[in-house]
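FYI, the numbering for the sequence shown is 11 to 165, going by this note's numbering.
What follows is a short report on a single structure.
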Amino acid sequence: MTHDVDDVGFSAPAVTEDDIFEYEFEGEETTVLAFFPGAFTSVCTEEMCEFRDSLSELNDLGAEVVGVSVDTPFSLNEFREQYDLNFKLVSDNRKEIIDQYNVRTDFLEMGFTGLAQRALFIVNDGEVVYSQGMDDPENLPDLDDLREALKEFSE
């Protein structure tokens, strides 16, 4: 999977701690962007809860975690609240970020188009330094591989 990203920055609605705000992402600090197809689906819920449970360790490795999906900010806020997600969730309901990061996908067998492919990126100093993508939406990302990449990057 190729993830050529010319410009890592974006501006989009985000939610955290019951607050909806315009998030300006510039990609200067080490950030894990976790793209996921949809809030409240079983695999996406499991994935985001894994990030919730691993957040302290990922923060200790110098990374902020930001989840990105095409869900509305209101849906993401409810998702965050219901599962006690302790990191930012970004709403890409205009589908600009998934196009920018080349992770737009369709699940035609389920009748869905224009969703985010499940993918992880580590962004630092304005560039993508790591990417991991799942072609099958039922597959979870390899967080051990992500941790190893963060360890190597932070050394």
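Note that beta-carbon positions come from the ideal geometry of N, C-alpha and C, so glycine has one too.
Item, Value
"Inspect the beta-carbon positions of Glu47 and Pro147 and report whether they are closer than 8 angstroms.", "The amino acid at residue 47 is misidentified as Glu; the sequence shows Pro. Going by C-beta atoms, Pro47 is nearer than 8 angstroms to Pro147."
"Given that a residue counts as buried once 16 or more other Cβ atoms are within 10 Å of its Cβ, and exposed if not, what is Leu118?", "exposed"
"Taking the alpha helix (DSSP H) that Leu65 falls in, what are its first and last residues?", "Ser52 to Asp70"
"Report the option in Gly37, Thr51 and Glu36 whose CA atom is closest to the CA atom of Met120.", "Thr51"
"Which term fits Asp81, buried or exposed, when burial requires 16 or more other beta carbons within 10 angstroms of its beta carbon?", "buried"
"What's the C-alpha gap between Ile30 and Ser101?", "10 angstroms"
"Among the candidates Phe84, Glu57, Glu91 and Lys105, whose CA atom is the shortest distance from the CA of Thr123?", "Lys105"
"From this set, Val75, Asn112 and Glu91, which residue's C-alpha is nearest Arg157's C-alpha?", "Val75"
"Look up Thr12 in the DSSP assignment and say whether it is helix, strand or coil.", "In this prediction, Thr12 has a pLDDT of 45, which is less than 50 and means its spatial position is unreliable; what the coordinates show is noted afterwards. It is coil, neither helix nor strand."
"Evaluate contact between the region 129 to 136 and the region 31 to 43, counting only Cβ atoms and requiring at least three cross-stretch pairs below 8 angstroms.", "yes"
"Should Asn87 be labelled buried (16 or more other beta-carbon atoms within 10 Å of its own) or exposed?", "buried"
"At which residues does the beta strand (DSSP E) containing Asp155 begin and terminate?", "It is not in any beta strand (DSSP E) - Asp155 instead sits in the alpha helix (DSSP H) that spans Leu153 to Ser164."
"Which word fits Lys161, buried or exposed, when buried means at least 16 other C-beta atoms lie within 10 angstroms of its C-beta?", "exposed"
"Restricting to runs no shorter than 3 residues, where is the beta strand (DSSP E) found entirely within the region 81 to 135?", "98 to 101, 114 to 117, 122 to 126 and 129 to 134"
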